[in-house]
Amino acid sequence: MNHKILNKNCQDEVTRLFTSAFTSFEGKKEGELVGDLASKLSSRVDNHEIICFGTYEEESIVGAIFFTRLQFREAIQVYMLAPVAVCTEYQGKGVGQELINYALNELKNRSVAVVITYGDPSFYSKVGFRALPENIIQAPLKLSMPEGWQGQSLTGESIPTINDRPTCVKEFNDPAYW
Ligand SMILES: CC(C)(COP(=O)(O)OP(=O)(O)OC[C@H]1O[C@@H](n2cnc3c(N)ncnc32)[C@H](O)[C@@H]1OP(=O)(O)O)[C@@H](O)C(=O)NCCC(=O)NCCS
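The opening position of the sequence shown corresponds to residue 54 in this note's numbering, with each subsequent residue numbered one higher.
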């Protein structure tokens, strides 16, 4: 199994992976919603504002993850991890955690200060995320599930308080995802 940074050529395989993993997990509607999001994000991957990492077993993609930049007035590098998917046959074997740890290490090497995610704490706590109160870092849009807002510092220091509300990439600028 190997992990790598993906480019726009991977759009179709990444879209299929997200559509199928989220359809199995939460049904057809969610599969289409997240598949469409993954397709749009893949089409604009630039390894800066939008970064995609994938895990391959031989030539087949078995996992993928996106990081998108959260932009604040101050010059601090903060990324949001979302969405992540592992194909159903490979779930529960450690692939998701390995891919996330690989990606976090890559971002740490790029001097990223903080990574944030929005999802189930029972999974993300396994890869270092902790609840992130919005008086420390706000979400770009109103959260329907504030307990899912989580963060981790990559600097060794605690997460700094940032006073302004960030903007996210346009693909996430839709209340349906929040
Ligand atoms: C979530 C997902 C990316 C995890 O990847 P994975 O390779 O299956 O996970 P790992 O094998 O590395 O880790 C497994 C652990 O995570 C937990 N876990 C897996 N999927 C989970 C989920 N959707 N919600 C909460 N916990 C989950 C398992 O309980 C397991 O814990 P254990 O080791 O204590 O039993 C993958 O299962 C997936 O694509 N699921 C469908 C889409 C999805 O739910 N995406 C993320 C939404 S938060």
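Ideal Cβ placement from N, Cα and C applies to all residues, glycine included.
**Asked** Taking any heavy atom of ligand 1 as the mark, which residues have a C-beta closer than 5 Å to it, listed down the chain?
**Response** 74, 78, 137, 138, 139, 144, 145, 147, 148, 149, 150, 172, 173, 175 and 176
**Prompt:** Taking 8 Å as the CB-CB cut-off, is residue 110 touching chain C?
**Reply:** Note that chain C does not occur in the displayed structure, where there is just one protein chain.
**Message:** Just to confirm before moving on: does the CB-CB distance between residue 174 and residue 187 stay below 8 Å?
**Reply:** In the sequence shown, the residue the question calls residue 174 occupies position 121. In the sequence shown, the residue the question calls residue 187 occupies position 134. No.
**Item:** Euclidean distance between Cα positions of residue 154 and residue 165
**Value:** Here residue 154 refers to the residue found at position 101 when the sequence shown is read from its first residue. Here residue 165 refers to the residue found at position 112 when the sequence shown is read from its first residue. In a straight line, the C-alpha of residue 154 is about 14 Å away from that of residue 165.
**Asked** Where does residue 58 land, buried or exposed, given buried means 16+ other C-beta within 10 angstroms?
**Response** By one-based count along the sequence shown, residue 58 stands at place 5. By the 10 Å Cβ count, residue 58 comes out exposed.
**Message:** Am I right that residue 96 and residue 124 are in contact with their C-beta atoms under 8 Å? What's the rounded C-beta distance?
**Reply:** Along the sequence shown, one-based indexing puts residue 96 at 43. Along the sequence shown, one-based indexing puts residue 124 at 71. About 20 Å separates the two Cβ atoms, so there is no contact after all.
**Message:** Using the Cβ count rule (16 or more neighbours within 10 Å means buried), how would you classify residue 170?
**Reply:** The residue labelled residue 170 in the question sits at position 117 within the sequence shown. It is buried - the Cβ of residue 170 has at least 16 other Cβ atoms within 10 Å.
**Asked** How long is the line joining the alpha carbons of residue 259 and residue 156, rounded to whole angstroms?
**Response** The requested residue 259 is not part of the displayed model; the chain covers only 54 to 231.
**Asked** By Cβ distance, which residues of its chain are closer than 6 Å to residue 88, with the 5 residues on each side in sequence left out?
**Response** Numbered from 1 along the sequence shown, position 35 holds the residue referred to as residue 88. Once the five neighbours on either side are set aside, the close Cβ partners of residue 88 are 68, 71 and 72.
**Request:** Give the DSSP-derived three-state secondary structure of residue 55 in the structure shown.
**Result:** Reading the sequence shown from its first residue, position 2 is the one you call residue 55. In this structure, residue 55 counts as strand in the three-state DSSP scheme.
**Asked** Alpha carbon to alpha carbon, how far is residue 119 from residue 226?
**Response** Counted from its first residue, the sequence shown places residue 119 at position 66. Counted from its first residue, the sequence shown places residue 226 at position 173. One Cα belongs to residue 119, the other to residue 226, and the distance between them is close to 15 Å.
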